[in-house]
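Protein chains in written order, with the numbering used here: chain A, 153 to 810; chain B, 1495 to 2124.
What follows is the structure in structure tokens.
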């Protein structure tokens, strides 16, 4: 009985995902084409001799665009809105400046080792004062990236300091893994810790500070967390330094168990200052490496999302949209896809004076679905309002969805127009997390407001601390339009009143059985009495590369292939069938893997496709896996790819069968 | 991958007290003395006996000093150890060694007085030029380290000189400093009838750590050689008829041209995955074949894990002392001769773990075996070298047995051709990674690095500016800026400190009780920075400017301090006070000119590395200026 029930639930979840795919493809044009009706991506030309690996963006008082770069330059771009921007180098020689802010006729930026103010005192267009506001120690590890600053209301600056990497995120010197508050005079206060790879920072209108995090050890998926003085965001390495008298918290690394089986939300209940995120960005669905936070304070000049947050993603070259609300004093809300298809990896976003968005990008060493090594683009609202789910508000027994346009009553009040499900991630030392503890939800009723823009959904199966995946695929606008993006993810930390009234659906027993994938054979077939004919080893090297260009095997030989992941990211190895254009087949598999959505993680990001011949699972950093297969009959070139979303177009090698 | 290595390299441990303090933990690097080369023949400069009789322009002295205001002149003091030439009218002969040489490896230190000119002629015929070339941006064949041109007076005017070879760059140091040469020369070869069948050549010419020539063939004797013909042997000649020159530490190895060889090699290949070499009975033998050489590339299959066992005969051409050198890349290995273990690298060793073994071998045939345990699939390579009596160091492995790792070959370099260029990066200093450094390059081709976390001038060099490939290619896992010249050695301690007394030990990091703060830097209208730091209440400003014409760096320091502060000017194996408030640092490696600072009295005292030069700067607003020249 239990098993049958479980299958039904699983089917339900899968069904929801299938519908998502159907609707996506039912509309005309690619998602990028459809998005571009409302938001257009426009290039800001970059002269050929400038390597504009964007680390930070800031607008000056006279409407010039300042750009700091990973090569340590600051460029001032005059007329950045037109087709003939003029570039002048304002500063150079800095150490990988991954941030930029402008105030009092000067720039502030975080270099690897310090917060710096740049000033041009003689007005010749070049900085002549490089003032160290505050310097912090560095270990010498390349992974000690430093980000910021962003200003708080009182004029203090916030910077975040990345952990080093020694096979795991490691705080090698003081304040790595911390968020610091620094006054313009250079007084520093350690604000909060638990950070791992905190590339994005934002301060909202209420002076609340948010930061974004990348998936990694202790971090199951990308996320955004609201941090206050003394908070702990979950990555324990920074707790090394809590015995410093300046530390605002006393929690120790030893207080955190490597593997408790709990989610971060549950674990955070143990300690008053431990913070669960306000928003989860499910890995590979809403990006893979969350970056900048930009708050829409354009007063409606950028479309219907005033007050919401736009969050960049480096690896997937796209922007997500976040509608936050504060319930019982706790931030939480919904994250949606917004616009994809940028030219390189998005690190920074700011508003131009014309309320278009500047998007600054780099992918050197990090890779991104946008193929350019670096780029600068603008995102311009066309003036047309997309039909979108504008906000989601938590109720104690459901959610209220508000749309950007009046909706058709019949479709809105039809409970079959909606699908809901819950899941979460594990909080543990391992790299990333599978999707765990999935739960079914039922829509009990749907009621449209009088103005026709809001739908109140009464739901069964809501759970505090879980990500609520929702889809409103059936809802049509009064003009019959489908939603531009019909899916979102609400992170539920609190409900109004504090008491959840949504009726619970009995929890299904979790199965330990994993999805069996026929093309992944990890034990030598019993029929290989003499062992494998050939053994091959493939490794990875940082920068999304396999450690060799090609391997050769003889046709139909029995091959034992060992895949070793030496990188600091997750990777798999997929052998793709050859054909007239083997590289095209690899493209297709990479795209299908990207389209797997939430199921991807379970399936090792390997699509069920005839083009896939053999594959490994997803490998944690520093692990290896053997697969056994018989080499194809047909001589020729076969592509091997890593089909992890975002990697497949770059991380490739050849299998030569001869 | 790389970050693990960085983790161990990084021995900087930081504490942060108030604003930002950088404290370095003490650490020691233990060095075990291992003979890595066979000894050279050192020329005994007690007297003139190593040379053929010569006129009195040549003599042995104890010390020399160059007065920068006088051309082609030394000030000498009696003693031994330095070979000095001071030619005068009628007394200016060239000097010849009593020995004759064919192939030779030669090292020596040379000092050139202002505008002086000399040369070293191999076999009395082929000249490496010695000249005071200090400060020249472009070097000719007639500059120091150049292979001087040949001369044919029958040719038409302007074409009489030919086949000169300029050095790759001007590596000259200032007159009065010791400069170091290392040269490997090969004599021409002749057939039995005496016909030349191979030209003479310079395999390598190094000056002050910079490779100036590589495998440069010579079509014949250069101008002003002692002989016009070419021969298998000839004496070394030092030019004495032009101008004053001093040499010391002359040492050499004469090579007979004979080589150690291998024959009757059999190679057995086994499958193996263990790091310790197991008994072969446990292993699967893949093949056994005769081989003409030994190479790691003979491991079959792709990224295999194998043992290669080479057995054969080592043919020793002459009885004497031999030195073997072996290394493996992420592997294990052993080397035996006559059944005796010579080198044991059984286990897991990296390319840096070099093993040496010196032993006496009789002329003749010796059975040998070499085992290469390639237990890591994607690491490959071993090397075995030998050096012997009259036998130049040679490889016993095949040329491609070790291939440097397949790193990214993209290179990014910074130039400072038209204006000063600054670049912050990590910098390696004495095997330590410094994390808050800035390098400044100038169009005068004088460059330096400043450690902002210590307030110290870290290094200075001439030539090209900075390699940034380890920072700007891919993720830049090292984040290093690397000088494109050989920097002069600086101590790397904080340059400023509060000392309790003149006897207090100089701190090797910012002391815990000093509140240190980096303040950044301002640039003048030419783009040259002034670095500012604060120590307690003392404000220290440092400005470094290249000399307009010569290889010097001018340093001006402004201090506003409520208490006396000390400045460490320099440290080295020795510090000599010269006239006019100048100092020769580190056995005349560079000069420090402290003249013009009235009322200041630098003190020379003993230090951990020899001697150090300190000056006390009284409280108040003070300014000192000095010049570093090399």
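Note that CB positions come from ideal geometry on N, CA and C, so glycine has one too. Predicted model only: the values in this text are computed from it and were never measured.
- For residue 1739/B, there is no enclosing alpha helix (DSSP H); the enclosing beta strand (DSSP E) covers residues 1739-1749.
- The C-beta of residue 712/A comes no closer than 8 Å to any C-beta of chain B.
- Judged by DSSP in its simplified three-state form, residue 1954/B adopts strand.
- Within chain A, the residues placing a beta-carbon under 7 Å from that of residue 1919/B are 247, ordered along the chain.
- Within chain B, the residues 1918 have their CB atoms less than 8 Å from the CB of residue 263/A, given in chain order.
- C-alpha of residue 1967/B to C-alpha of residue 523/A: approximately 17 Å in a straight line.
- In this model, residue 512/A and residue 230/A are separated by some 16 Å (Cα to Cα).
- In the DSSP annotation of this structure, residue 260/A is not part of any alpha helix (DSSP H); the continuous beta strand (DSSP E) holding it starts and ends at 258-262.
- For the options 222/A, 768/A, 480/A, 567/A, the alpha carbon positioned closest to that of residue 612/A is the one of 567/A.
- Going by DSSP, residue 486/A is part of the beta strand (DSSP E) stretching over 482-492.
- Distances from the alpha-carbon of residue 1632/B to those of 1625/B, 1660/B, 1641/B, 1645/B put 1660/B closest.
- The shortest C-alpha to C-alpha distance from residue 333/A to any of 304/A, 354/A, 349/A is the one to 304/A.
- Secondary structure at residue 238/A: strand, using DSSP grouped into helix, strand and coil.
- For residue 746/A, the enclosing alpha helix (DSSP H) has its first and last residue at 734-746.
- Within the same chain, and ignoring the five residues on either side of residue 2103/B in sequence, the residues whose Cβ sits closer than 8 Å to its Cβ are 1985, 2065, 2066, 2067.
- In this structure, 1913/B is the residue among 2012/B, 1989/B, 1913/B with its C-alpha nearest to the C-alpha of residue 2039/B.
- For residue 205/A against residue 514/A, the beta-carbon gap comes to about 4 Å, under 8 Å, which counts as contact.
- Going by DSSP, residue 597/A is part of the beta strand (DSSP E) stretching over 594-600.
- As the crow flies, the alpha-carbon of residue 322/A is around 15 Å from that of residue 367/A.
- Annotated three-state conformation of residue 184/A is helix, per DSSP.
- Closer than 8 Å to the CB of residue 1932/B there is at least one CB belonging to chain A.
- Put simply, the stretch 613-625 of chain A touches the stretch 572-582 of chain A. At least three CB pairs are less than 8 Å apart.
- The alpha-carbon of residue 1674/B is positioned some 54 Å away from that of residue 405/A.
- Cα atoms of residue 1596/B and residue 2034/B: separation of roughly 58 Å, rounded to the nearest angstrom.
- In the three-state reduction of the DSSP assignment, residue 1785/B falls in the strand class, which pools E and B.
- If you compare the alpha carbons of 243/A, 198/A, 480/A with that of residue 545/A, the shortest gap goes to 480/A.
- Boundaries of the beta strand (DSSP E) harbouring residue 266/A: 266-271, taken from the DSSP string.
- Taking 7 Å as the cut-off between beta carbons, none of the residues of the stretch 183-216 of chain A comes near chain B.
- In this structure, residue 289/A sits near residue 325/A, with a CB-CB distance shorter than 8 Å.
- Proximity to residue 1819/B across 1889/B, 1759/B, 2119/B peaks at 1889/B, based on C-alpha coordinates.
- In this structure residue 296/A touches residue 328/A by the C-beta definition: roughly 6 Å separates them, less than 8 Å.
- Taking 3 residues as the minimum length, the beta strand (DSSP E) runs contained wholly in the stretch 1585-1669 of chain B are 1589-1595, 1597-1605, 1611-1616, 1620-1625, in order along the chain.
- No Cβ of chain B is located within less than 8 Å of the beta carbon of residue 331/A.
- Counting C-beta atoms within 10 angstroms of its own C-beta, residue 681/A has fewer than 16 neighbours from the protein chains shown and is therefore classed as exposed.
- In terms of Cβ geometry, residue 181/A and residue 208/A do not form a close pair [threshold 8 Å].
- Using a Cβ-Cβ cut-off of 8 Å, residue 405/A does not count as an interface residue toward chain B, since no Cβ of chain B sits closer than that to its own.
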